[in-house]
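Below: one structure, written as structure tokens.
Protein chains: 2
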Amino acid sequence: MFVLTGFVKVIGAYGVGKVVASGNPEFEKDDYVVGIISWGEYSISQGFMGCWLSKLDPMGFPLSYHVGLLGFSGLTAYAGFFEICKPKKGEKVFVSAASGSVGNLVSQYAKNLGCYVVGSAGSPYKVKLLKEKFGFDGAFNYKEETDLDSTLEKYFPEGIDIYFDNVGGVMLEAAISNMNSYGRVALCGVISEYTDVGKRAAPNMLNVVYKRIMIQGFLGGDYMHLFPEFVSTTVDHIRAGKMHVLEDISIGLESVPSAFVGLFRGYNVGKKIVRVSNDLEDC
Amino acid sequence: MFVLTGFVKVIGAYGVGKVVASGNPEFEKDDYVVGIISWGEYSISQGFMGCWLSKLDPMGFPLSYHVGLLGFSGLTAYAGFFEICKPKKGEKVFVSAASGSVGNLVSQYAKNLGCYVVGSAGSPYKVKLLKEKFGFDGAFNYKEETDLDSTLEKYFPEGIDIYFDNVGGVMLEAAISNMNSYGRVALCGVISEYTDVGKRAAPNMLNVVYKRIMIQGFLGGDYMHLFPEFVSTTVDHIRAGKMHVLEDISIGLESVPSAFVGLFRGYNVGKKIVRVSNDLEDC
Numbered sequence: 001m002f003v004l005t006g007f008v009k010v011i012g013a014y015g016v017g018k019v020v021a022s023g024n025p026e027f028e029k030d031d032y033v034v035g036i037i038s039w040g041e042y043s044i045s046q047g048f049m050g051c052w053l054s055k056l057d058p059m060g061f062p063l064s065y066h067v068g069l070l071g072f073s074g075l076t077a078y079a080g081f082f083e084i085c086k087p088k089k090g091e092k093v094f095v096s097a098a099s100g101s102v103g104n105l106v107s108q109y110a111k112n113l114g115c116y117v118v119g120s121a122g123s124p125y126k127v128k129l130l131k132e133k134f135g136f137d138g139a140f141n142y143k144e145e146t147d148l149d150s151t152l153e154k155y156f157p158e159g160i161d162i163y164f165d166n167v168g169g170v171m172l173e174a175a176i177s178n179m180n181s182y183g184r185v186a187l188c189g190v191i192s193e194y195t196d197v198g199k200r201a202a203p204n205m206l207n208v209v210y211k212r213i214m215i216q217g218f219l220g221g222d223y224m225h226l227f228p229e230f231v232s233t234t235v236d237h238i239r240a241g242k243m244h245v246l247e248d249i250s251i252g253l254e255s256v257p258s259a260f261v262g263l264f265r266g267y268n269v270g271k272k273i274v275r276v277s278n279d280l281e282d283c
Numbered sequence: 001m002f003v004l005t006g007f008v009k010v011i012g013a014y015g016v017g018k019v020v021a022s023g024n025p026e027f028e029k030d031d032y033v034v035g036i037i038s039w040g041e042y043s044i045s046q047g048f049m050g051c052w053l054s055k056l057d058p059m060g061f062p063l064s065y066h067v068g069l070l071g072f073s074g075l076t077a078y079a080g081f082f083e084i085c086k087p088k089k090g091e092k093v094f095v096s097a098a099s100g101s102v103g104n105l106v107s108q109y110a111k112n113l114g115c116y117v118v119g120s121a122g123s124p125y126k127v128k129l130l131k132e133k134f135g136f137d138g139a140f141n142y143k144e145e146t147d148l149d150s151t152l153e154k155y156f157p158e159g160i161d162i163y164f165d166n167v168g169g170v171m172l173e174a175a176i177s178n179m180n181s182y183g184r185v186a187l188c189g190v191i192s193e194y195t196d197v198g199k200r201a202a203p204n205m206l207n208v209v210y211k212r213i214m215i216q217g218f219l220g221g222d223y224m225h226l227f228p229e230f231v232s233t234t235v236d237h238i239r240a241g242k243m244h245v246l247e248d249i250s251i252g253l254e255s256v257p258s259a260f261v262g263l264f265r266g267y268n269v270g271k272k273i274v275r276v277s278n279d280l281e282d283c
């Protein structure tokens, strides 16, 4: 009876569920909960090895929103962009995997702040979506580019101020080559390197020194203290029609393996979610 | 009539001199000056293309101190360590090129703060110096090590909190592999990469993400606002016998080429300085 994300932590996943029975005075039947729960239509939670599980107020939004743009992906995008990158209106922002769960949210925060935003993605459909649905200033299919340095130079004639990196590898190298002085790189993921050590980024560190570039790795979980501020800002954006949801929902527990593999092959468009149960009427 | 550093900026260098004649009401005969001046026993300064030149109070120290530990190298070490690395007492600090002009000062600041400090250098003499003169907790000759990952693991069984990087390349990779969560890398120089692009560092960026590592390139010149604070702190350390000078002085303008080449070959021990003129009685 849960909606689960594709993010698997061996025993569990970040998801939303509904309480069907409770022996814990803090939770009542029909409460919604969010946090680390197990992969299953029904599961018994006993605090799950100390992992976070708390009550959820859906605030009138579909439950899936709370594992995506109002959940951990959203917090990761919000904290990474605002806390790490410290953006200013008008700055030039590049986002890789820009149609991914975090990337598309970063891009929307950046657009709403008044930044110039260009994103990379891995298919013509995704690129079209970024430009037409999300109003990016530019988007390109990295698979069609042979020289990423030149590609970024074309899209950023005035240089990149902020790079929100979800992929690592050669894209990170090209981004650093094209960065302005005092540029900031939020390192959120390195999906191009996960399965191939040979693809590790070897950025020009002399550039990093002379341009005083900051590269900061981070995890959304470190920013739980920002959750209320993040939810409030994001809900405002959604209600004002300035933030759009991009979800890719698979149905059934049996879809978990293909959903997970698909993340690494770039099949997902937006947040990959597995809807484990159909018993939740409003998700 | 100048003491000059080995840092050449095409037309000039960071150095100290004495005014022999002045048509500028701000400077009088026999004033000491510090800043960007030309390579020569005597030179005419007209503000040198807007570069910084100001009066110097030697405060009873040899003039050479003011191009080294009380000059730009010192400011670079001070700002890089305190502003970028934000060290805390007891933290584990690794410094590469630790007998170099900036590295040896960073290490001394770190020791004075109560950090555990290990440095790398390129000769047995330098390593001995680091351990015996500067009281490092450990030092090693990187040329004698075949597996830097294991070397750093040996010297940092509890991991590295701060890496002050002067060399880049494989040392940066090994340092990142051995860093603790929330580790900080101040990227001051990448001397191993200057002449060979093939030696660029390809650190494990997955480590950077999961361990929330920050890598920050910087230039000392951005921290001129800290100059008074830096000088005051450093003078206190010197007068208390808690900071030692490590200089490598060549004599005569004709020594500039070999001094400069020597920097890239690791011949210098401490701050490389060229004493251009013998007319300054007290330098």
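First to last, the protein sequences are chains A and B. Start counting the first sequence at 1; every next residue gets the next number (UniProt numbering). Start counting the second sequence at 1; every next residue gets the next number (UniProt numbering). Glycine included, each C-beta is placed from N, C-alpha and C at the ideal position.
Exposure label - residue i; buried when at least 16 CB within 10 Å
i: residue 99/A; result: buried
i: residue 151/B; result: buried
i: residue 203/A; result: buried
i: residue 163/A; result: buried
i: residue 28/A; result: exposed
i: residue 160/A; result: buried
i: residue 146/B; result: exposed
i: residue 232/B; result: exposed
i: residue 174/A; result: buried
i: residue 18/B; result: buried
i: residue 24/B; result: exposed
i: residue 176/B; result: buried
i: residue 54/B; result: exposed
i: residue 198/B; result: exposed
i: residue 44/B; result: exposed
i: residue 87/A; result: buried
Proximity below 7 Å, CB of residue i to CB of residue j
i: residue 117/B; j: residue 107/B; result: yes
i: residue 115/B; j: residue 132/B; result: no
i: residue 155/A; j: residue 138/A; result: yes
i: residue 284/A; j: residue 190/B; result: With chain A covering only 1 through 283, there is no way to say anything about residue 284/A.
i: residue 81/A; j: residue 42/A; result: no
i: residue 167/A; j: residue 96/A; result: yes
i: residue 89/B; j: residue 69/B; result: no
Paired residues, beta bridge with residue i - DSSP
i: residue 216/B; result: 214/A, 186/B
i: residue 94/A; result: 118/A, 163/A
i: residue 59/B; result: According to DSSP, residue 59/B bridges with nothing at all.
i: residue 18/A; result: 32/A
i: residue 54/B; result: 34/B
i: residue 139/A; result: 119/A
i: residue 100/A; result: 270/A
i: residue 205/A; result: Answer is none; residue 205/A lacks a bridge partner.
i: residue 179/A; result: 160/A
Same chain only: Cβ atoms within 8 Å of residue i, ignoring 5 sequence neighbours per side
i: residue 194/B; result: 264
i: residue 269/A; result: 99, 125, 126, 129, 246, 248
i: residue 180/B; result: 92, 158, 159, 160, 161, 211
i: residue 79/A; result: 218, 220, 222, 223, 226, 230
Nonlocal neighbours in the same chain, by C-beta distance under 6 Å from residue i, ignoring five residues either side
i: residue 142/B; result: 120
i: residue 20/A; result: none
i: residue 284/A; result: This structure does not reach residue 284/A, given that chain A is present from 1 up to 283, and the question cannot be answered.
i: residue 278/A; result: none
i: residue 169/A; result: 192, 193, 199, 201
i: residue 103/B; result: 95, 97, 166
Cβ neighbours of residue i in the same chain (closer than 7 Å, five flanking residues each side left out)
i: residue 259/A; result: 6, 250, 272, 274
i: residue 172/B; result: 165, 201, 203
i: residue 66/B; result: 16, 34, 56, 58
Q) Okay, do the segment 56-64 of chain A and the segment 25-35 of chain A touch, 3+ Cβ pairs below 8 Å being the bar? A) Touching, yes, given that three or more Cβ pairs across the two stretches are closer than 8 Å.
Q.
Would the segment 238-256 of chain A count as touching the segment 218-232 of chain B if we require 3 or more Cβ pairs under 8 Å?
A. Flag = no, the segment 238-256 of chain A and the segment 218-232 of chain B do not touch.
**Q.** Three-pair Cβ contact test at 8 Å for the segment 170-188 of chain B versus the segment 206-219 of chain B
**A.** The segment 170-188 of chain B is in contact with the segment 206-219 of chain B.
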